[in-house]
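Just below is one structure, and these are the notes that go with it.
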Amino acid sequence: MEGVSRVTTQTFRRMKAESLPIAVLTAYDYTMARILDRAGVDALLVGDSASNVISGHETTLPITLDHMIYHAQSVVRAVERAFVIVDLPFGSYQGNSQQALTSAIRVMKEAGAHAVKIEGGRSVLSAIEIIHQTGIPIMGHLGLTPQSIYHFGTYKVRATDPQEADQLREDALELQNAGCFAIVLEKIPAQLAQEISLSLTIPTIGIGAGNACDGQVLVTHDALGLNNDFNPRFVRRYLNLEDSMDSAVRNYVDDVRTRSFPSLQESY
Ligand code: KIV
C-alpha cells in the first residue's frame, strides 16, 4: 500500500461536508486489522466489545485499560490507511477528568492510536474537554452505551420517549461543543439519529441508528457471521464465517484422523 494517504479527522470533516458515508468496523488483532485496512475501511474501532467477542464476557465492564492497549498495539501495527480509535474502558475515565486524560495519554503513547472514544453525555463533558485540549482527538458515544448496561437493565432501543430523545439531542450538541470530532449513535430511532446528524457539523457514526447517519459501524465478528447465536436486527451479515470455519475444521480433523493430511506433496 505504498503512497496511501492516511485517514485523519480532517478526512471525516471533509467526508461529512461532501456527504460521503464513513465506513467503520471494529478490530482487535493484527491479522484482522490488516485485512480490514486493505479492504478500504475508513476507521478501525478497537472497541471494548473485545470484552465480549474476544474474551467471552457477558458485558464490556471487565476489560481493563492494559487489555485495550494490548489490542490497540496489534491493530496499529497492521494499519497503513485507516484511522484507529480506541475505547477507554469502564472505570478508566468516569467521574474523574484527570484520570480520563491519563488513560487517553497511555492509549496514545503506548499503542500509537490516533484517537480515543468514551461513552456518555453531560456527565463526561469535563473529561472530553481536557482530552481535546491536550490535542487528542476524541469520539463521543450516545444512545445505548454498553458500559451503563446495569443502569439501563436492558439492551433495547434507547431514546424512544420524548424526554430521553431531548436529552440525547442536547448531549450531542454539548459533545460537539466540548471538542468531539465524531459521535457514535447506538440503537436509537432512525428519525432521531437523522435529526441529530443534520444538526451537527461533526459526523455521526450509527450502529442500529438508521441510514441517515454520516457513517456506520459494526462489530466485525457480527458482520462476518462469527456468532450465529447473536442476531439483532441492526446487524447485516456479510459472511457466515462460523459455518465456514466449522466445516473447514471438521475437514481438517477428518484428514488428520484418516492420515490423508499431510500428503507426500505437503511433506519434506
Ligand atoms: O465497543 C464497540 O464495539 C463499540 C461499537 C459497538 C460502537 O463501542
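According to my numbering, the sequence shown is numbered sequentially starting from 433.
Where is the CB? At the ideal position from N, CA and C, for every residue including glycine.
Closest to residue i by CA distance: which of the options is it?
| i | options | result |
| --- | --- | --- |
| ILE568 | ARG554, SER629, VAL589 and LYS541 | LYS541 |
| ALA536 | THR566, LEU557, SER555 and ILE581 | THR566 |
| ARG665 | LEU673, PRO621, ALA449 and GLU698 | PRO621 |
| GLU602 | LYS588, ILE628 and CYS612 | ILE628 |
| PHE584 | THR491, ALA547, LEU497 and VAL508 | THR491 |
| ILE581 | GLY657, ASP678, ARG438 and PHE522 | PHE522 |
| ILE702 | ARG689, CYS612, ARG682 and SER487 | There is no way to answer for residue 702, as the model of the chain reaches only from 433 to 700. |
| SER451 | GLU698, ASP654 and CYS645 | CYS645 |
Is it buried or exposed, residue i, if we count other Cβ atoms within 10 angstroms and call 16 or more buried?
| i | result |
| --- | --- |
| GLN579 | buried |
| SER695 | exposed |
| GLN608 | buried |
| MET500 | buried |
| LEU630 | exposed |
| ARG701 | Nothing about residue 701 can be reported from this structure: the residues present for the chain run from 433 to 700 only. |
| THR633 | exposed |
| HIS573 | buried |
| TYR525 | buried |
| LYS448 | buried |
| LEU600 | buried |
| LEU605 | exposed |
| PHE624 | A small correction: the amino acid at residue 624 is Leu; Phe does not occupy that position in the sequence shown. Buried is the call here. |
Looking at the ligand KIV, does it come within less than 7 Å of residue i, judged from the CB to the closest heavy atom?
| i | result |
| --- | --- |
| THR491 | no |
| GLY479 | yes |
| GLU618 | yes |
| HIS503 | no |
| VAL548 | no |
| ASP654 | no |
| ASP661 | no |
| ILE634 | no |
| VAL649 | yes |
| LEU592 | According to the sequence provided, residue 592 is Thr. The question's Leu does not apply to it. No, the ligand KIV has no heavy atom inside 7 Å of this Cβ. |
| ILE639 | yes |
| HIS573 | yes |
Pairs of beta-carbons, one from the segment 480-493 and one from the segment 527-545, closer than 8 Å: are there three or more? no
How about the segment 638-648 and the segment 610-618: do they share at least three Cβ pairs that are nearer than 8 Å? yes
Okay, do the segment 511-526 and the segment 459-471 touch, 3+ Cβ pairs below 8 Å being the bar? Using a C-beta cut-off of 8 Å, the segment 511-526 makes contact with the segment 459-471, since at least three inter-stretch Cβ pairs fall below that distance.
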